[in-house]
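Some notes on the structure that comes next.
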């Protein structure tokens, strides 16, 4: 019997350095031969198992390295899998070419190490050299992308997003002043200098609205509190104890304390939302109630959810207070829909939420605030798309243009 040609494969996790693929014909889990040399030399521990992106399950590699498995080796157009923006990875080149950047840095640092030898080296020197090599590789990738790009970047202009999803734009004018804080626009009005977000809050308050600065974190608080009973359900067979560094202030002796929380191994993935769909449905159905009861549930689950909220970066008291405001402003059905939306793909949807919540009587809307020089980011564009297609929360874009002469 001839061996399977593995002509149709599916990548288990595009965010692994050594990618694993499942053959859709024979079911074998394999790797591409183009990764073999770097994998065996630098990443041997990644060669026995892959981790499924949607479930976080370990999957054993059953047929090792095979020829012409990945898109590049098959001569196919490469599918981009950019990583989220983070410190040290804010440019599109670093985000789209993250895998090439990491692997090439490994190889060049190894060449430097071989030439340098083990003597007269310090960890600080290794770190410095590795950082320099990474910068050099990044510059080389920038040059290569200009002449022979491997990936096509998203080129939607903000106006296209606004028009496509029918976003209402509220134009304001403000007097900008210089700021010592990098990338932080400051506006001066009759009440003094303030951020662009606070300036917009003052505008809506002058019209008789209430306005609260939201962004992402108070949403994380709501999610952590209300979803903790189902997320930390000890009857879920895939929960386990996870150690996290405690960020709360301690005396010097206790700093760096490790907190242990119960967390499903696939939490935050699309697979978790599918696997726990029935438990999630029952939990949210039981929460459909009047605002006073929602507030009672928030108070009831606030304490028990503390470690989970710390894990989600939603444990500060000021954030909790803003979340309490949201409960009083938003309809219960809107809160339930937000929770359902997040639990289906938490890590993919946790960012990009609008800056403000503006409200008056029974009216409310979310608002994204942009200064004169600011543009929508990719995660904000994704939220606008998802809101149009799924959440359908009232939303406006507030653009603060420069006052003439400022």
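Numbering (the working numbering), first residue to last: 1 to 406. Cβ atoms here follow ideal geometry from the backbone N, Cα and C, with glycine treated the same way. Just so it is clear, the structure is predicted and the values come from calculations on it, not from any experiment.
Would you mind sorting residue i into buried or exposed? The rule is 16 or more other CB atoms within 10 Å of its CB.
i           : result
residue 223 : buried
residue 152 : exposed
residue 277 : exposed
residue 310 : buried
residue 253 : Unreliable placement is indicated for residue 253, whose pLDDT of 43 sits below 50; the coordinate value is still reported in the next sentence. Exposed.
residue 123 : exposed
residue 219 : buried
residue 289 : exposed
residue 111 : exposed
residue 78  : exposed
residue 191 : exposed
residue 66  : buried
residue 335 : buried
residue 221 : buried
residue 134 : buried
residue 90  : exposed
residue 274 : exposed
residue 258 : exposed
residue 305 : buried
residue 260 : exposed
residue 228 : buried
residue 44  : exposed
residue 76  : exposed
residue 127 : exposed
Alpha carbon to alpha carbon, how far is residue j from residue i? Give it in angstroms, no decimals.
i           : j           : result
residue 94  : residue 81  : 12 Å
residue 137 : residue 52  : 29 Å
residue 320 : residue 314 : 8 Å
residue 167 : residue 27  : 46 Å
residue 272 : residue 346 : 9 Å
residue 197 : residue 114 : 53 Å
residue 396 : residue 328 : 21 Å
residue 212 : residue 292 : 20 Å
residue 374 : residue 384 : 16 Å
residue 32  : residue 195 : 51 Å
residue 202 : residue 101 : 45 Å
residue 161 : residue 381 : 7 Å
residue 267 : residue 57  : 11 Å
residue 387 : residue 42  : 43 Å
residue 17  : residue 237 : 29 Å
residue 355 : residue 215 : 4 Å
residue 398 : residue 169 : 6 Å
residue 436 : residue 232 : Summary: the structure shown does not reach residue 436, with the chain confined to residues 1 through 406, and so no result is reported for it.
residue 312 : residue 117 : 43 Å
residue 141 : residue 147 : 10 Å
residue 85  : residue 3   : 42 Å
residue 296 : residue 107 : 57 Å
residue 349 : residue 367 : 17 Å
residue 6   : residue 35  : 17 Å
residue 303 : residue 54  : 30 Å
residue 8   : residue 109 : 35 Å
residue 279 : residue 307 : 21 Å
residue 119 : residue 37  : 26 Å
residue 171 : residue 159 : 14 Å
residue 284 : residue 298 : 13 Å
residue 269 : residue 103 : 26 Å
residue 98  : residue 12  : 18 Å
residue 29  : residue 332 : 45 Å
residue 412 : residue 318 : Summary: the structure shown does not reach residue 412, with the chain confined to residues 1 through 406, and so no result is reported for it.
residue 326 : residue 287 : 16 Å
residue 404 : residue 371 : 15 Å
residue 189 : residue 210 : 19 Å
residue 96  : residue 322 : 35 Å
residue 164 : residue 377 : 16 Å
Under 8 Å by Cβ, that's how I've got residue i and residue j pegged, so tell me the actual separation to the nearest angstrom.
i           : j           : result
residue 193 : residue 187 : 7 Å
residue 70  : residue 19  : 7 Å
residue 173 : residue 15  : With 8 Å as the limit, residue 173 and residue 15 do not qualify as a contact, their Cβ atoms being about 43 Å apart.
residue 225 : residue 262 : That pair is no contact at about 16 Å.
residue 200 : residue 369 : 5 Å
residue 364 : residue 330 : 7 Å
residue 10  : residue 22  : 5 Å
residue 83  : residue 105 : That belief does not hold up - the Cβ atoms of residue 83 and residue 105 are roughly 15 Å apart, past 8 Å.
residue 379 : residue 351 : 5 Å
Using a Cβ-based criterion (distance less than 8 Å to any ligand heavy atom), does residue i qualify as near the ligand MN?
i           : result
residue 205 : Because no ligand of any kind appears in the structure shown, any question about the ligand MN cannot be addressed here.
Q. Using 8 Å as the Cβ pair cut-off and three pairs as the minimum, do the segment 356–367 and the segment 230–249 touch?
A. no
(Q) With a threshold of 8 Å, are at least 3 pairs of Cβ atoms found where one atom belongs to the segment 337–344 and the other to the segment 384–399? (A) yes
Q: Report yes or no: do three or more beta-carbon pairs, one from the segment 33–49 and one from the segment 60–77, lie closer than 8 Å?
A: yes
Q.
Could you tell me which whole alpha helix (DSSP H) segments of length 4 or greater appear in the segment 100–173?
A. 123–147 and 158–164
**Q.** Length at least 4, wholly inside the segment 234–321: the alpha helix (DSSP H) runs in chain order
**A.** 270–275, 277–286, 291–302 and 306–311
Q) Unbroken alpha helix (DSSP H) runs of length 4 or more, entirely within the segment 321–383: which are they? A) 332–343 and 346–349
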